[in-house]
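With this note's numbering applied, the sequence shown covers 39 to 308.
We treat Cβ as the ideally placed atom computed from N, Cα and C, and that holds for glycine.
Step one of this worksheet: look at the structure below.
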Amino acid sequence: MTRDAIFQLPNRTILRLVGPDTRALLQRVITADVENFPIGTVRPGALLTPQGKIICDFMMFSRDNGIDIDVAESAGAALLKRLTMYRLKADVTLSHETALHALWSTAAFEGASEDPRLPGQLWRAVSDADHDERPLDAIEVPAGIPAFGRDYGEAEVFPTDVNVDVFGGVGWTKGCFIGQEVVSRMKRRGTIRKRSLAVTFDGEAPPAGTSLQAGETGVGEITSSHENRAIALVRLDKLEKADAPLTGGDITASTTVPDALKPEPAAERI
Numbered sequence: 039m040t041r042d043a044i045f046q047l048p049n050r051t052i053l054r055l056v057g058p059d060t061r062a063l064l065q066r067v068i069t070a071d072v073e074n075f076p077i078g079t080v081r082p083g084a085l086l087t088p089q090g091k092i093i094c095d096f097m098m099f100s101r102d103n104g105i106d107i108d109v110a111e112s113a114g115a116a117l118l119k120r121l122t123m124y125r126l127k128a129d130v131t132l133s134h135e136t137a138l139h140a141l142w143s144t145a146a147f148e149g150a151s152e153d154p155r156l157p158g159q160l161w162r163a164v165s166d167a168d169h170d171e172r173p174l175d176a177i178e179v180p181a182g183i184p185a186f187g188r189d190y191g192e193a194e195v196f197p198t199d200v201n202v203d204v205f206g207g208v209g210w211t212k213g214c215f216i217g218q219e220v221v222s223r224m225k226r227r228g229t230i231r232k233r234s235l236a237v238t239f240d241g242e243a244p245p246a247g248t249s250l251q252a253g254e255t256g257v258g259e260i261t262s263s264h265e266n267r268a269i270a271l272v273r274l275d276k277l278e279k280a281d282a283p284l285t286g287g288d289i290t291a292s293t294t295v296p297d298a299l300k301p302e303p304a305a306e307r308i
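Structure (structure tokens):
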């Protein structure tokens with residue numbers, strides 16, 4: 039892959055929200071802060087169940103007249119239906135833009151915005167231009183960035199399990215949104231125990247579903263893999279107490295917990 043190559047993400051669909059109440063609608067429904075969302079930038083977000091589990095996540099593109107949402111194709115129709123239901127009397131037009139595609143590159147290109155999860159490494163855009171399809175596995179898996187449909191499905195995980203908050207997709211101080219009470223309580227009480235971590239293996243990484251072990255103790259589970267790299271949903275407390283080498287499928291593994299994913303000291307909790 040040349041550095042300036044542009045690719046189209048497979049199995050994605052684009053929803054477009056236009057109108058003066060677009061941000062107000064999303065602000066009270068989804069996890070991300072869209073009132074403080076500069077035009078021309080990209081931000082992750084998610085729609086949660088009332089119990090705080092992710093229904094689907096997505097990437098949002100801030101426009102001067104609205105917001106484009108890049109979401110998994112399998113979740114697009116349901117997300118559009120739910121947002122339409124939550125619209126009530128808001129002055130917002132919602133549409134499924136079948137002629138538009140989700141594009142990405144490892145170099146900046148016209149109309150693209152930097153992906154905040156991988157600054158300086160990944161750029162995203164929405165466009166009607168056609169390009170060869172290529173998934174982001176080779177970039178996301180080594181970076182420990184989980185993806186809906188690859189690493190988890192509907193109502194399986196909390197946003198903190200898959201680091202949506204660390205990537206800027208949860209507005210902790212913006213006020214209420216669906217599922218907010220549950221996830222905010224987890225953060226406030228310091229009960230965020232699971233995080234998704236990048237794992238490196240001394241050989242080909244085992245498939246999703248493989249237990250990540252520290253001796254006889256299971257510390258997590260592989261959710262996706264690419265070559266010798268993988269993402270695992272890990273219990274941080276068990277990993278911290280591990281006194282044996284990590285393995286997955288009898289293959290030696292290693293991982294580190296980035297500072298942003300470490301449990302917060304009590305004084306820093308909101």
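Cβ distance (whole Å) where residue i is taken to contact residue j below 8 Å
i      : j      : result
Ser151 : Thr79  : 5 Å
Ser262 : Ala236 : With 8 Å as the limit, Ser262 and Ala236 do not qualify as a contact, their Cβ atoms being about 11 Å apart.
Ile52  : Glu135 : 4 Å
Ile289 : Leu141 : Not confirmed; about 35 Å, so no contact.
Leu277 : Gln251 : Leu277 to Gln251, Cβ: 11 Å. No contact.
Lys212 : Glu73  : 7 Å
Ile93  : Glu192 : 6 Å
Ala182 : Phe239 : Looking at the sequence itself, residue 182 is Gly, so the reference to Ala does not match. That pair is no contact at about 14 Å.
Pick from the options that is closest to residue i, judged by C-alpha positions
i      : options                        : result
Gln89  : Val164, Gly217, Ile183, Asp240 : Gly217
Lys91  : Ile260, Phe186, Ala140, Ile44  : Phe186
Asn201 : Ile269, Thr211, Arg172, Asp168 : Ile269
His169 : Pro301, Pro48, Val295, Ala291  : Pro48
Leu118 : Ala145, Leu85, Glu278          : Leu85
Lys127 : Asp297, Leu174, Leu63          : Leu63
Lys279 : Asp203, Thr198, Gly258, Glu192 : Gly258
Val56  : Asn103, Asp95, Asp297          : Asn103
Asp175 : Ala163, Glu265, Val109         : Glu265
Ile77  : Ile105, Gly206, Thr229         : Ile105
Asp297 : Ala243, Arg233, Gly241         : Arg233
Ala110 : Thr248, Asp153, Gly83          : Gly83
Gly207 : Ala163, Phe75, Val164          : Phe75
Through-space distance from residue j to residue i, alpha-carbon basis
i      : j      : result
Ala305 : Leu274 : Model confidence at Ala305 stands at a pLDDT of 38, short of 50, so the residue's coordinates are unreliable; what they give is reported in the following sentence. Ala305 and Leu274: Cα-Cα distance of roughly 19 Å.
Arg155 : Ala70  : 14 Å
Leu132 : Trp210 : 26 Å
Arg231 : Val179 : 21 Å
Ile308 : Ser222 : With a pLDDT of 46 at Ile308, under the threshold of 50, the modelled position of this residue cannot be trusted, and the question is left open.
Arg54  : Gly253 : 49 Å
Thr60  : Pro157 : 27 Å
Arg50  : Ser112 : 8 Å
Phe196 : Pro58  : 31 Å
Phe96  : Thr255 : 34 Å
Arg188 : Val272 : 16 Å
Leu138 : Asp129 : 23 Å
Closer than 6 Å: residue i CB and nearest the ligand HEM heavy atom
i      : result
Leu126 : Although the ligand HEM was asked about, the structure shown includes no ligands whatsoever.
Exposed unless 16 or more other CB atoms sit within 10 angstroms - verdict on residue i
i      : result
Ser292 : exposed
Ile260 : buried
Asp203 : buried
Met98  : buried
Thr198 : buried
Gln159 : exposed
Arg227 : exposed
Gly241 : exposed
Handout entry: Uninterrupted alpha helix (DSSP H) stretches inside the stretch 253-281 (no shorter than 4 residues)
Key = 274-279
Handout entry: 3 or more residues per run - each beta strand (DSSP E) lying fully within the stretch 198-248
Key = 232-239
Handout entry: Start-end ranges of the alpha helix (DSSP H) lying completely within the stretch 88-136, minimum 4 residues
Key = 111-125
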